[in-house]
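Asks: Going down the list, the sequences are from chains A, B, C and D. Residue numbers 1 to 502, in the working numbering, belong to the letters of the first sequence in order. Residue numbers 1 to 314, in the working numbering, belong to the letters of the second sequence in order. Residue numbers 1 to 334, in the working numbering, belong to the letters of the third sequence in order. Residue numbers 1 to 344, in the working numbering, belong to the letters of the fourth sequence in order.
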Amino acid sequence: MCEAMRMAVLALSDVSKSFGAVRALRGVSLKLEAGEAHALAGENGAGKSTLVKILSGVHRPDTGQILLNGSPVTFGGPADARHAGVAVIYQEPTLFPDLSIVENIFMGRQPRTRFGRIDRAAMAEQTGRLFAGLGVELDPEQAARGLSIADQQLVEIAKALSRDAKVLIMDEPTAALSGNEVARLFGVVKALREQGCAVLFISHRLDEIFELCQRVTTLRDGTPVAEDLIADITPDDLVRRMVGRDLDALYPKQDGVPGEVALEVHRLTREGVFTDVSFRVRRGEIVALAGLVGAGRTEVVRAIFGIDRQDAGWVEVGGRRLRPASPTAAMAAGLALVPEDRRQQGLVMDLSIDRNIALAGLAEVRRGPLISRAAEHARAQDWAVRLRLKFARLSDPVGVLSGGNQQKVVLAKWLARKPSVLIVDEPTRGIDVGTKAEVHRLLSELAVGGMAVLMVSSELPEVLGMADRVLVMHEGRLVAELPRASATEESVMSAATGRTAA
Amino acid sequence: MLVRRWESLILVLLVGVCVWAALGVDGFANTSNVSFLLLDTTEIALMALTMTFVIVAAEIDLSVASTLGLSCAVLGWLWNAGLGIELIMPICLLVGALCGAINGLLVTRLGLPSLAVTIGTFALYRGLAYVILGDQAVADLPAAYTSLATRPLVPLGLVAVLGVGAAVLLHATGLGRAVFAIGANQEAAFFSGIRVKRIKFWLFVAGGAMAALASLVFTFRYASARADNGVGLELAVVAAVLLGGVSIFGGRGSLPGVLMAVVLLGVVRNALILADVANEVLNFVTGLLLVASVLAPNLGALWRRRFTSQQEVS
Amino acid sequence: GGTTKSDVARQQSSAPSAASSSTANPNAPIKQGLKIAFLPKQVNNPYFTIADRGGSDAGKEFGAEVKEVGPSDANASSQVSYINTLVQQKQDAIVISANDPNAVVPALKQAMDAGIKVVSYDSDSGQDGRHLFINQAGAEDLGRTEVQLLAQQIGSKGKIAILSATPNATNQNTWIDFMKDELKKYPDMELVKVAYGNDDDQKSFTETQGLLRSYPDLKGIISPTTVGIAAAARYLSSSSYKGKVKLTGLGTPNQLRKFVKDGTIDGFELWSPGDLGYLAGYAAAALASGQITGAEGEKFKAGRLGEYTVGAKGEVLLGKPTVFTKDNVDEFDF
Amino acid sequence: MTALSEATPPGHGGRRLFDRVTRVRELGIVLALAALFGVTGAVNPTFLSFGSIRDILLNSAIVAMLAVGQTLVIVTRNVDLSISSIVGLTGFGGALVLADSPAVPIAVVIAGCVALGVVCGAINGLLVGVAKVPALVATLGTLYAFRGIDYAWAGGRQVNAADMPESFLSLGSRSVLGLPLLALVALIVLLAVGWMLRNLRAGRELYAIGSNPDAAVLAGIQVRRRIMTAFMANGALAGLAGVMWAARFGTVDATVATGKELDVIAAVVVGGVAIFGGSGTVFGAALGALLLTGITSALAVLRVDALAQTAINGALLIAAIVLDRVLALRVAAALRRRRYRDAR
Ligand SMILES: Nc1ncnc2c1ncn2[C@@H]1O[C@H](COP(=O)(O)OP(=O)(O)OP(=O)(O)O)[C@@H](O)[C@H]1O
Ligand SMILES: Nc1ncnc2c1ncn2[C@@H]1O[C@H](COP(=O)(O)OP(=O)(O)OP(=O)(O)O)[C@@H](O)[C@H]1O
Ligand SMILES: [Mg+2]
Ligand SMILES: [Mg+2]
């Protein structure tokens with residue numbers, strides 16, 4: 001194809017953007033063409049989301065231009081971009097918790113009857129069609145509050161797809177989804193693309209990029225380093241472009257020797273959510289909790305950690321029963337939970353990086369009754385380096401970090417406590433390949449060092465690559481326990497979809 | 001960073017107003033006037049200390065002035081009943097703590113919004129004060145105490161000691177950190193093992209006890225225990241805390257800023273009254289000061305946005 | 001243990017009472033350029049606006065500088081900071097209507113120590129916190145005449161109620177005590193309830209309604225407060241009770257003119273607030289000029305109002321209140 | 001609660017339940033109202049007489065209208081404390097014009113008061129929506145400022161019933177179709193605003209802004225404009241309430257409606273409007289206003305000791321909030337259990 005003939009629906013030309021001292025984007029050009037899915041790759045903090053926000057009118061570029069159908073435009077705000085036919089799925093869900101799912105989908109552009117009245121019937125009907133296409137089984141009249149991250153992501157997807165957009169931008173839409181939903185999403189997106197929609201897709205899962213996209217632009221530290229046709233490169237090439245070097249094994253699993261039982265969950269039940277869940281995790285072991293979205297895995301680990309009160313059953317750590325519904329007691333017993341929703345549950349966005357890391361261990365950074373700033377700083381510095389955190393100053397609010405780097409801060413916050421049982425819920429959601437390998441090596445090392453690790457993950461390769469044992473949940477019940485040897489994609493999936501009884 | 005800038009802003013304003021008043025207002029710059037004006041801020045300063053904690057934790061307590069009233073009423077009633085004042089004082093503090101505990105229980109155990117709860121207890125506590133003391137005014141209080149309270153050193157010393165203690169507690173201890181975290185993101189704080197409910201509960205209790213302490217100062221200072229003591233003081237307290245740079249949405253603020261704001265409001269009032277400025281202007285200026293103090297930094301941001309032409313979405 | 005009420009009482013009875021040592025010079029001229037400050041319960045309150053205007057009229061007559069300062073909320077404590085600033089401003093006299101008779105005493109004492117003359121008007125402060133009290137009308141007189149007024153209107157028979165201001169209003173409570181006493185003379189009249197409208201339109205409205213609902217055979221209401229009587233009159237005039245339930249009390253002619261004419265009210269009473277301020281102004285000037293010291297029996301001239309004598313406890317009585325009816329209400333404008 | 005436990009077809013259980021739950025919120029207040037009237041009526045039947053009901057409607061009309069306006073602001077996660085000062089300003093201003101310039105037609109005065117209210121609301125809206133001053137701070141400031149202007153304007157003057165034209169005063173007590181005019185006006189406002197909030201984009205967008213302000217920007221909602229509109233509408237209603245106040249009470253000075261903001265917010269909160277925005281209806285708020293004025297009237301009628309009234313008022317207010325909360329919690333628990341049963 002001749003370069004000159006490429007006609008972009010939406011394009012960036014030589015765009016730069018800084019936030020204070022941080023140069024998030026430098027001289028980036030990008031063309032989104034009708035009928036083409038364009039991937040954006042890069043490590044955490046490379047500037048992908050910033051680019052998305054420029055395309056969607058949230059930020060204005062410091063220099064450079066946005067071109068719509070070849071002519072320069074200025075987006076004064078998200079509304080302008082929307083009018084230009086740009087639909088966006090942001091990295092973090094942006095739902096209205098008090099409003100119903102239907103209202104969320106149509107907010108700001110509800111169909112109206114002649115008298116300006118909102119046409120609820122039309123909204124319900126369109127939502128029904130959308131959900132059927134995506135295979136979503138949510139009640140559209142339900143309020144968005146309380147939806148799991150995955151369900152929120154699905155609603156976001158439905159919202160964007162309902163728009164008949166000319167350009168569809170998706171910032172890590174699949175981070176919280178498992179295989180089924182991803183497949184369905186891709187089906188819909190492919191159909192849209194074939195109808196002439198331009199697609200911009202961001203994901204840290206390389207296989208998804210290779211499955212969906214035709215072209216990929218790679219960013220490194222805000223600078224574009226390459227634009228390739230997918231057909232021309234391999235995943236390893238892409239990793240090299242992103243990271244600037246070759247990567248070691250993706251799942252650096254070391255084999256540990258399981259020791260005594262560190263965590264025992266006994267017939268744990270929370271009515272309406274999960275039932276009769278029992279299992280053990282030994283020291284030196286990584287146990288994965290697998291299942292489809294909504295199977296209740298997050299709810300189980302929340303109850304273990306004492307966030308929610310269980311209706312029946314109990315939890316033992318190191319042979320001692322935990323007081324129910326008390327995270328403080330759980331932490332004292334040596335538990336740590338890296339929650340799935342880092343923005344809401346993991347971090348205090350307004351607080352600085354070092355204070356966030358110290359938050360779970362306020363007792364450990366004290367000198368007498370007072371907090372020692374030095375100890376706090378040292379603790380954060382130590383873990384920031386170990387996790388290769390990308391930051392300007394440790395005193396910056398954590399909210400300005402990129403998504404993946406925020407996730408690292410949450411990990412640092414809990415690892416700094418040196419727990420005996422580490423529970424991680426989607427530990428690598430939104431983390432780039434390089435760091436992912438890092439996190440995996442870390443988890444593996446910790447396990448070998450005698451920590452018991454319970455990992456909830458929707459990423460099958462991660463589950464299979466990391467776990468010594470896989471527990472599979474289906475509709476709130478534990479349906480299978482598979483040792484590493486017999487855990488395969490097929491066996492886990494069939495258990496997760498309820499096709500085999502345990 | 002914002003907090004730092006804020007404190008300096010208030011400080012500059014405070015110094016500016018003081019200089020203006022000292023030079024331009026007759027009768028401002030002498031010890032007796034300054035001690036009067038500081039004395040006048042005692043109750044507000046005391047209640048602002050705990051109110052700062054409460055608002056930083058993203059709650060609010062509108063019932064403090066009513067708690068003060070109730071505590072005054074209890075004091076008057078017990079005094080009339082012949083109890084010794086040294087015994088009555090701790091009882092009053094207990095009553096205040098109890099009022100705070102009721103607020104705290106309703107907020108933490110039932111998860112009710114504190115604004116709603118304390119609008120309710122605002123009426124309830126004041127009402128109870130009327131039930132207890134009715135239309136009586138108790139004035140025959142022991143001179144030893146009433147003169148103590150009008151001697152500037154004692155109440156101001158109390159404010160200073162408690163102020164320093166509160167500032168250390170809020171800014172340099174784990175509890176303070178926890179309070180900030182709760183205010184900024186309660187869920188994340190809970191996930192970090194912070195006992196959100198327990199801490200909030202005790203903040204309300206402390207707020208109630210502090211209101212009772214303020215009631216003692218109030219009663220002795222005016223030598224008068226009545227059920228309507230301190231009516232309307234809650235708005236003055238909240239205004240001072242907000243002017244001091246505490247975010248009404250929680251998670252942000254500093255105690256030195258609040259104390260400076262309390263003094264600033266006191267100085268402005270005193271100087272304007274001395275300058276024979278009409279009461280309506282006084283109200284107007286108070287309102288303006290409140291809005292302007294928040295507006296000024298925001299306008300700066302607005303201005304900058306105009307020029308760098310970027311729209312932030314936090 | 002500790003300090004109790006009885007301890008204090010014992011101490012006080014043994015303490016010598018402070019007596020004013022200065023002597024009066026009845027013939028001293030009123031000093032020129034006196035600085036007199038009126039400190040009403042609340043500024044922007046029409047009643048006090050009229051009264052204080054009377055004060056400044058007096059000031060103009062004897063060449064003094066009269067000003068009005070004060071809080072905008074009728075709050076016990078807020079007056080104290082005003083007293084303190086007045087001391088700083090070295091006023092010659094303070095004329096005050098006390099929100100809380102006790103709370104203002106310490107500050108007023110300090111003012112007196114600083115040589116400032118203190119006159120209370122309308123609502124007295126504690127006796128040792130002022131030199132003179134200008135009493136608008138004897139509390140006893142007011143309380144009793146209001147009952148008498150109502151008794152005339154309802155034929156000395158039936159249930160009546162009182163609609164007062166706040167439960168803590170000192171004036172009102174004294175008057176109500178005398179009303180109760182006077183009622184003993186009317187065996188057929190029964191006081192069924194004292195309601196409080198808090199000097200708030202809405203609350204006074206609701207309370208009036210409540211009185212009429214809970215006592216359907218109510219014959220009359222006494223409201224010894226201007227806000228209360230206006231609200232009650234307004235409610236009655238638009239209800240079916242108009243003319244059937246008699247209303248009296250304290251109000252200004254301007255406020256109630258309409259209701260006197262339309263038959264809601266037969267008669268009510270009030271002193272002239274302007275005269276009250278006028279007299280207080282003269283009293284302050286007389287004190288500040290050394291004509292009087294506040295001792296019983298001293299005499300001073302109050303411009304157009306003539307000569308007044310200081311009574312017991314430093315009280316000066318303005319005179320009898322005026323009763324306003326259909327026939328004379330148009331003659332007054334305040 | 002019995003209504004909740006009856007069987008619903010699976011699949012749509014959640015949805016129906018959701019509908020019911022939302023209805024239950026207002027139902028709670030209706031029940032409380034019924035209890036209030038029942039108990040008071042039983043003790044003193046005159047409380048239920050036509051005249052008495054009429055009075056209660058009249059008493060609540062002004063607060064209800066203010067509550068409707070306040071709801072508009074509160075659903076956007078803001079609050080307007082300055083309404084009492086706006087009522088004071090417009091009430092006194094309107095009365096003053098009527099008294100001093102009898103030539104000005106009443107309709108013009110009313111319109112002028114509403115316009116003045118809109119201006120005040122616009123100032124709040126500018127501060128909050130454009131200058132991003134937190135609403136509580138901004139309106140606490142304008143609470144003082146507007147009242148200051150009011151005082152300065154009044155200069156201690158009072159406008160009395162005799163000064164205003166009878167035709168104006170009669171608006172405050174006249175009945176149309178058996179309903180007091182003021183209550184009718186409040187009802188029309190209520191229905192109109194309620195309809196708009198539910199059925200117009202602008203209305204839904206207010207909820208969206210309150211529910212998640214950042215997401216509202218991303219959804220392309222004109223947040224500033226909407227917040228401005230909410231504050232201006234609230235100001236307009238406060239202006240209207242101001243004239244109504246003057247017509248109803250006849251005697252007005254600069255202190256009109258001082259402190260009423262807390263009553264209004266209490267009514268809104270009792271009416272189930274979330275203080276942090278995003279949910280609640282104007283109908284709930286109006287019912288809340290009716291309940292609170294009803295309580296005051298009932299206490300007056302029940303011969304409750306005057307000194308105890310404030311306390312009882314406060315206790316009942318708390319009871320209402322607690323009841324509402326407990327109901328909501330139980331419904332949520334029922335919802336969870338139902339899901340559990342469905343799953344089995
Ligand atoms: N509002 C902001 N203020 C300051 N710095 C910011 C802001 N938003 C982003 N940044 C910085 O800009 C850089 C790029 O961030 P961006 O969110 O675009 O990364 P990303 O490529 O999306 O990363 P990830 O894969 O982790 O989502 C980061 O260093 C981040 O800290
Ligand atoms: N706070 C909540 N309130 C109401 N429902 C909830 C809440 N949290 C989760 N749910 C619902 O409970 C079900 C189980 O959710 P959960 O998050 O435990 O699933 P999961 O297996 O961890 O899936 P994932 O984490 O991948 O989303 C989902 O249908 C979800 O919508
Ligand atoms: Mg990103
Ligand atoms: Mg999960």
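Where a beta carbon is used, it is the ideal one built from N, C-alpha and C, also for glycine. Quick caveat: nothing in here was measured; it's all calculated off a predicted structure.
State the Cα-Cα distance for the pair Leu39 (chain B) and Pro155 (chain B), rounded to the nearest angstrom.
Replies: Whole-angstrom Cα-Cα distance: 7 Å.
Asks: Does chain C have any CB closer than 7 Å to the CB of Asp305 (chain D)?
Replies: Not one chain C Cβ lies under 7 Å of Asp305 (chain D).
Asks: Mind listing which residues have their beta carbon within less than 5 Å of any non-hydrogen atom of ligand 1? Chain order is fine.
Replies: Listed by chain position, these are A:Phe19, A:Val22, A:Ala24, A:Asn44, A:Gly45, A:Ala46, A:Gly47, A:Lys48, A:Ser49, A:Thr50, A:Val400, A:Leu401, A:Ser402, A:Gly403, A:Gly404.
Asks: Less than 6 Å between the CB of Gln91 (chain A) and some heavy atom of ligand 5, yes or no?
Replies: In the structure on display, ligand 5 does not appear, and the ligands it does have are ligand 1, ligand 2, ligand 3 and ligand 4.
Asks: Helix, strand or coil for Ala21 (chain A)? Go by DSSP, reduced to three states.
Replies: Three-state result, Ala21 (chain A): coil.
Asks: Roughly how many whole angstroms lie between the Cα atoms of Leu218 (chain C) and Ser237 (chain C)?
Replies: Roughly 16 Å between the two C-alpha positions.
Asks: Between the region 25-45 of chain C and chain D, which residues of the former have CB atoms less than 9 Å from a CB of the latter, in chain order?
Replies: Going along the region 25-45 of chain C in chain order, one finds Gln42, Val43, Asn44, Asn45 with a Cβ nearer than 9 Å to chain D.
Asks: Which one or two residues does DSSP pair with Val44 (chain D) in a beta bridge?
Replies: The displayed chain sequence assigns Asn, not Val, to residue 44 (chain D). None, per the DSSP bridge assignment.
Asks: Who are the near neighbours of Ser21 (chain C) in its chain, counting only those whose CB is closer than 6 Å to its CB and skipping five residues on each side?
Replies: The predicted position of Ser21 (chain C) is uncertain, since its pLDDT is 49 and thus under 50; a value taken from the coordinates is nonetheless stated next. Once the five neighbours on either side are set aside, Ser21 (chain C) has no close Cβ partner at all.
Asks: Classify Asp98 (chain A) as buried or exposed, calling it buried when 16 or more other Cβ atoms lie within 10 Å of its own Cβ.
Replies: With 16 or more other Cβ atoms within 10 Å, it is buried.
Asks: Taking the runs of the alpha helix (DSSP H) that are 4 residues or longer, which of them lie wholly in the region 34-110 of chain C?
Replies: List check, alpha helix (DSSP H) in window: 46-62, 78-88.
Asks: Which same chain residues end up closer than 7 Å to Gly85 (chain A) when comparing Cβ atoms and leaving out the 5 residues on each side of it in sequence?
Replies: So the qualifying residues of the chain are Ala165, Lys166, Val167.
Asks: Pull out every residue of the region 79-99 of chain A whose Cβ sits closer than 7 Å to any Cβ of chain D, in chain order.
Replies: Cβ contacts with chain D: Ala79, Arg82, Tyr90, Thr94, Leu95, Phe96, Pro97, Asp98, Leu99.
Asks: What does Ile371 (chain A) reach in chain B if we use C-beta pairs closer than 7 Å?
Replies: Near Ile371 (chain A) (Cβ distances below 7 Å), the residues of chain B are Ala172, Thr173, Gly174, Arg177.
Asks: Can you pull the chain B residues whose beta carbon is under 8 Å from the beta carbon of Gly346 (chain A), in chain order?
Replies: Per Cβ cutoff of 8 Å: Ala188, Phe191.
Asks: Taking 6 Å as the limit between beta carbons, can you name the residues of its chain near Ser60 (chain D), skipping five residues before and five after?
Replies: Excluding residues within five positions, the ones whose Cβ falls inside 6 Å are Ala289, Leu290, Thr293.
Asks: For Leu305 (chain C), which residues from the same chain have a beta carbon less than 7 Å from its beta carbon, with the 5 sequence-adjacent residues on both sides left out?
Replies: Asp275, Tyr278, Leu279, listed in sequence order.
Asks: Of all Cβ atoms in chain D, is any one closer than 7 Å to the Cβ of Gln110 (chain A)?
Replies: Yes, its Cβ sits closer than 7 Å to a Cβ of chain D.
Asks: Asn49 (chain C) touches chain D at which residues, Cβ-Cβ below 7 Å?
Replies: Note on identity: in this sequence residue 49 (chain C) is Thr, with Asn being the wrong assignment. Near Thr49 (chain C) (Cβ distances below 7 Å), the residues of chain D are Gly156.
Asks: Leaving out five residues on either side along the sequence, give the residues of the same chain with a beta carbon under 7 Å from the beta carbon of Phe180 (chain B).
Replies: Within the same chain, Phe180 (chain B) has close Cβ partners Val56, Gly251.
Asks: Measuring CB atoms only, is the region 30-44 of chain C touching the region 258-274 of chain C, in the sense that at least three cross pairs come out at less than 8 Å?
Replies: Taking 8 Å as the limit for Cβ pairs, the verdict is that the region 258-274 of chain C does not touch the region 30-44 of chain C.
Asks: To the nearest angstrom, report how far apart Gly258 (chain B) and Ala192 (chain D) are at their CA atoms.
Replies: A quick correction: the sequence has Val, not Gly, at residue 258 (chain B). Using only the alpha carbons, I get a separation of about 44 Å.
Asks: Is Leu87 (chain B) close to chain C? Criterion is C-beta to C-beta, closer than 7 Å.
Replies: Closer than 7 Å: yes.
Asks: Nearest CA to the CA of Met331 (chain A): which residue from A:Trp414, A:Ile105, A:Leu161?
Replies: Among A:Trp414, A:Ile105, A:Leu161, the Cα nearest to that of Met331 (chain A) is on A:Trp414.
Asks: Quick check: the region 258-266 of chain A against the region 221-236 of chain A, are there 3 or more CB pairs under 8 Å?
Replies: Too few Cβ pairs lie closer than 8 Å, so no.
Asks: Please check the pair Gly82 (chain B) and Ser6 (chain C), which I expect to be a contact at CB under 8 Å, by giving their CB distance rounded to whole angstroms.
Replies: Right, the Cβ-Cβ distance comes to about 7 Å (below 8 Å), so this counts as a contact.
Asks: Beta carbons nearer than 8 Å to chain B: which residues of the region 318-351 of chain A have them?
Replies: Of all residues in the region 318-351 of chain A, Pro327, Thr328, Ala330, Met331, Leu337, Pro339, Gln344, Gln345, Gly346, Leu347, Val348, Met349, Asp350, Leu351 have a Cβ within less than 8 Å of some Cβ in chain B.
Asks: Is Gly306 (chain A) near Ser420 (chain A), with beta carbons less than 7 Å apart?
Replies: No, these two residues do not count as a Cβ contact at 7 Å.
Asks: Answer with buried or exposed for Trp195 (chain D), where buried requires no fewer than 16 other C-beta atoms within 10 angstroms of its C-beta.
Replies: The residue in question, Trp195 (chain D), is exposed, as its Cβ has fewer than 16 Cβ neighbours within 10 Å.
Asks: Could you say which of A:Arg343, A:Ser326, A:Gln344 lies nearest to Ala336 (chain A) if we only look at CA atoms?
Replies: The residue with the shortest Cα to Cα distance from Ala336 (chain A) is A:Ser326.
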